[in-house]
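Enquirer: This note's numbering puts the sequence shown at residues 2 to 300.
Virtual Cβ for every residue (Gly too), placed ideally from N, Cα, C.
First, the structure itself, so that you have it in front of you.
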Amino acid sequence: MTVNCQLLLVASDKKHADKVARDVQKQTLALEKKYNFYQPDSWLNQVVNNRALSQVHLEPDSLAIFTRVHELSQASQGIFDICIGTIKKAAAHMPQLTKSQLFTKYQEAMGLASWQVSGNFLQFNDSNTQFDLGGVVKEYSVDLAMALCKKQGITAGLINFGGDIISWGCKPDNSAFRVAIQHPKVADKICGSISLTDQALASSGHYHRKFSFGCEQSSHILAGQGVAQQVLAVSVLSQSVLTSGVFSTALSIEPNLLKGSFAQQYIKAIFIDEAMGFHQDIEFLSNSVCFNNSLKEKI
C-alpha cells in the first residue's frame with residue numbers, strides 16, 4: 002500500500018506476534034493486488050471492469066465484500082458509490098468533458114440501480130459501469146487483519162492503515178488505545194486525539210488530494226452534487242473500519258445522513274468545519290450554534 006501501515010499487537014510471545022504480523026501483511030497485499038483499480042492486471046479490472054457479460058461469478062471472499070458494500074451503500078442512501086470508477090475511467094479517455102458533463106453522460110451507469118448481488122453473481126444493468134474499490138479495500142483489509150489476529154490468539158491490539166484504524170482489548174496497563182486525528186489543513190500536524198475501545202475509526206476530507214477533469218480541479222471525493230463545503234473533514238466511529246470508511250465519505254458529501262436510522266444506531270461522527278471547530282452533530286451547518294474546539298479533548 003502507498004500509506005503507512007502500523008500494527009500494535011499486545012502479546013507475551015514476540016515470535017508469535019511477528020508471525021501474525023507477517024500473515025497480516027501477506028493477506029493485505031493480496032487484497033490490494035486483487036482489487037486495485039489502477040492496476041490493469043488486477044482481478045477487479047480483468048474480471049469485473051472488463052467483463053464480457055452482464056454478470057460476474059463471485060468466489061466467497063469477493064461475494065462477502067460486494068454484499069457488504071451494497072448493504073452499506075443502501076444504508077448511505079446511495080451517496081457512497083463504488084461506481085465512481087465509471088467517471089474516473091471516462092475522465093481519462095475524454096479530458097475535454099467537464100465533471101458535470103461526465104456525470105450527466107454516465108448517470109445510468111452510476112448508483113445502486115446499476116448493479117446488484119444475486120446469489121453468487123454480481124449483476125450489471127449498464128455495460129459502462131466501472132467499480133473503484135479505493136474507498137473499500139483498505140478499510141476492509143483492516144477489519145480482516147483484526148479478525149486474523151484474533152483467530153491467532155492476539156487478544157488486544159491496534160491496527161492503523163493510513164488513518165483507517167481499529168482496536169480491540171486494552172494496552173498492557175489496561176488503558177484504552179488513543180489515536181490522533183490529522184489536521185485537515187496541515188498534513189504533518191494533528192488537531193486532536195480520541196480514545197478507542199473495541200472501535201473502528203476512519204476519516205475523510207476534501208482538503209489535500211484533488212482529481213482533475215481536464216483543466217478543472219475537483220475534490221478527490223467525487224459526487225455529482227459535490228462535497229459539503231462547510232465540512233472540512235469527517236471522522237466516524239463504528240464497529241468496523243469498512244462501515245466507518247463508507248460513512249466518513251458519505252457524510253463528507255451529505256452530512257444530513259447523520260439523521261438517518263442506520264447512522265443513529267451504528268455510528269458516531271466528528272465533523273471539523275472550515276474554522277477548525279469540532280462538532281458531533283450537524284447543527285453547525287445552519288450557522289446557529291458555535292462549538293468550542295475543546296470538544297476534541299472530551300471525546
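1) Should residue 39 be labelled buried (16 or more other beta-carbon atoms within 10 Å of its own) or exposed?
2) When burial is assigned at 16 or more other CB atoms within 10 Å of the CB, is residue 5 buried or exposed?
3) Thinking residue 70 and residue 144 are a contact (beta carbons under 8 Å), I'd like their distance in whole angstroms, please.
4) Opposite residue 189 in the DSSP bridges: which residues?
5) Cα separation between residue 149 and residue 267?
6) Would the region 275-289 and the region 108-115 be scored as touching if the rule is three or more Cβ pairs under 8 Å?
7) Would you kindly work out how many angstroms separate the C-alpha atoms of residue 161 and residue 121, rounded to a whole number?
8) Mind checking residue 53: buried by the 16 CB within 10 Å criterion, or exposed?
9) Compute the Euclidean distance between the alpha carbons of residue 47 and residue 60, then round it to the nearest angstrom.
10) Is the region 122-132 touching the region 73-81 in the sense that three or more CB pairs, one from each, lie closer than 8 Å?
11) Would the beta-carbon of residue 119 fall within 8 Å of that of residue 127?
12) Apply the 10 Å Cβ neighbour rule to residue 188 and answer buried if 16 or more other Cβ atoms are within range, or exposed otherwise.
13) Please classify residue 280 as buried or exposed, where buried requires at least 16 other C-beta atoms within 10 Å of its C-beta.
14) Taking all protein chains shown into account, do 16 or more other C-beta atoms lie within 10 angstroms of the C-beta of residue 165, making it buried, or fewer, making it exposed?
15) What is the DSSP secondary structure of residue 231, reduced to helix, strand or coil?
16) Indicate the three-state DSSP secondary structure (helix, strand or coil) for residue 161 in the structure shown.
17) What does the Cβ neighbour count give for residue 147, buried or exposed, with the cut at 16 atoms within 10 Å?
18) If you check the beta carbons only, do residue 80 and residue 254 fall under 8 Å apart?
19) Pull the bridge partners of residue 236 from the DSSP assignment, please.
20) For the candidate residues 57, 257, 229 and 92, whose alpha-carbon lies nearest to that of residue 117?
21) For the alpha helix (DSSP H) holding residue 323, just list the boundary residues, first then last.
22) Just the C-alpha distance for residue 113 and residue 131, rounded to the nearest angstrom, thanks.
23) Compute the Euclidean distance between the alpha carbons of residue 264 and residue 89, then round it to the nearest angstrom.
24) Under the rule that 16 or more other beta-carbon atoms within 10 Å means buried, what is residue 167, buried or exposed?
25) Is residue 132 helix, strand or coil when you go by DSSP?
26) Once DSSP output is grouped into helix, strand and coil, what is the label at residue 118?
27) Could you give the C-beta distance for residue 197 and residue 177, rounded to a whole number, given that I count them as a contact under 8 Å?
28) Starting from residue 8, trace the beta strand (DSSP E) both ways and give me its first and last residue.
29) Using 8 Å for Cβ pairs, my map puts residue 11 next to residue 244. What's the rounded Cβ distance?
30) Quick check: what's the CA-CA separation for residue 7 versus residue 275?
Expert: With the given structure in hand:
1) To locate residue 39, count along the sequence shown from 1; it is residue 38. So residue 39 counts as exposed.
2) For the purposes of this step, residue 5 is taken as residue 4 along the sequence shown, with counting starting at 1. The residue in question, residue 5, is exposed, as its Cβ has fewer than 16 Cβ neighbours within 10 Å.
3) For the purposes of this step, residue 70 is taken as residue 69 along the sequence shown, with counting starting at 1. For the purposes of this step, residue 144 is taken as residue 143 along the sequence shown, with counting starting at 1. Their Cβ separation, rounded to whole angstroms, is 12 Å, which puts residue 70 and residue 144 out of contact at 8 Å.
4) Counting from one through the sequence shown, the residue named residue 189 turns up at place 188. None, per the DSSP bridge assignment.
5) Stepping through the sequence shown from its first residue, residue 149 is reached at position 148. Stepping through the sequence shown from its first residue, residue 267 is reached at position 266. One alpha carbon belongs to residue 149, the other to residue 267, and they sit about 23 Å apart.
6) Short answer: they don't touch.
7) Looking up residue 161 in the sequence shown gives position 160. Looking up residue 121 in the sequence shown gives position 120. Put simply, the backbone Cα of residue 161 is about 32 Å away from that of residue 121.
8) Walking along the sequence shown from the start, residue 53 turns up at place 52. Looking at its Cβ environment, which holds fewer than 16 other Cβ atoms inside 10 Å, residue 53 is exposed.
9) Here residue 47 refers to the residue found at position 46 of the sequence shown. Here residue 60 refers to the residue found at position 59 of the sequence shown. Those two C-alpha atoms are separated by around 15 Å.
10) The region 73-81 makes no contact with the region 122-132, as fewer than three CB pairs between them are under 8 Å.
11) Position 118 of the sequence shown holds residue 119. Position 126 of the sequence shown holds residue 127. No; because the gap between Cβ atoms is not below 8 Å, this pair is not in contact.
12) For the purposes of this step, residue 188 is identified with residue 187 of the sequence shown, where counting begins at 1. Burial state of residue 188 is exposed, judged by a 10 Å Cβ sphere holding fewer than 16 other Cβ atoms.
13) Translated into the one-based positions of the sequence shown, residue 280 becomes position 279. So residue 280 ends up on the buried side.
14) What you label residue 165 is simply residue 164 of the sequence shown in a count that begins at 1. By the neighbour-count criterion, in which a residue is buried when 16 or more other Cβ atoms sit within 10 angstroms of its Cβ, residue 165 is buried.
15) Indexing the sequence shown from 1 puts residue 231 at position 230. In the three-state DSSP reduction, residue 231 falls in the coil class, being neither helix nor strand.
16) The residue you call residue 161 lines up with position 160 of the sequence shown. DSSP places residue 161 in strand when its eight states are reduced to three.
17) Numbered from 1 along the sequence shown, position 146 holds the residue referred to as residue 147. Per the 10 Å Cβ criterion, buried.
18) Stepping through the sequence shown from its first residue, residue 80 is reached at position 79. Stepping through the sequence shown from its first residue, residue 254 is reached at position 253. The answer is yes: Cβ separation under 8 Å.
19) Here residue 236 refers to the residue found at position 235 when the sequence shown is read from its first residue. BP columns for residue 236 point to 204 and 271.
20) As a working note, residue 117 is residue 116 in the sequence shown. With respect to the C-alpha of residue 117, the residue from 57, 257, 229 and 92 having the closest C-alpha is 57.
21) Nothing about residue 323 can be reported from this structure: the residues present for the chain run from 2 to 300 only.
22) For the purposes of this step, residue 113 is identified with residue 112 of the sequence shown, where counting begins at 1. For the purposes of this step, residue 131 is identified with residue 130 of the sequence shown, where counting begins at 1. Looking at the two C-alpha atoms, the distance is approximately 12 Å.
23) For the purposes of this step, residue 264 is taken as residue 263 along the sequence shown, with counting starting at 1. For the purposes of this step, residue 89 is taken as residue 88 along the sequence shown, with counting starting at 1. Near 28 Å, if we compare the C-alpha coordinates of residue 89 and residue 264.
24) Start at 1 with the first residue of the sequence shown, and residue 167 comes out as number 166. That one is buried.
25) As a position in the sequence shown, residue 132 is number 131, starting the count at 1. Looking at residue 132 - three-state DSSP - the assignment turns out to be coil, as it is neither helix nor strand.
26) Residue numbering aside, residue 118 sits at position 117 when the sequence shown is read from its first letter. Note: residue 118 maps to strand in three-state DSSP.
27) Residue mapping note: residue 197 aligns to position 196 of the sequence shown, counting from 1. Residue mapping note: residue 177 aligns to position 176 of the sequence shown, counting from 1. In this structure residue 197 is in contact with residue 177, their Cβ atoms being roughly 6 Å apart against a cut-off of 8 Å.
28) On the sequence shown, residue 8 is found 7 positions in, with the first residue counted as 1. For residue 8, the enclosing beta strand (DSSP E) starts and ends at 6-11.
29) Position 10 of the sequence shown, counted from the start, is the residue given in the question as residue 11. Position 243 of the sequence shown, counted from the start, is the residue given in the question as residue 244. The pair is not a contact, with the Cβ atoms about 24 Å apart (cut-off 8 Å).
30) Along the sequence shown, one-based indexing puts residue 7 at 6. Along the sequence shown, one-based indexing puts residue 275 at 274. About 30 Å.
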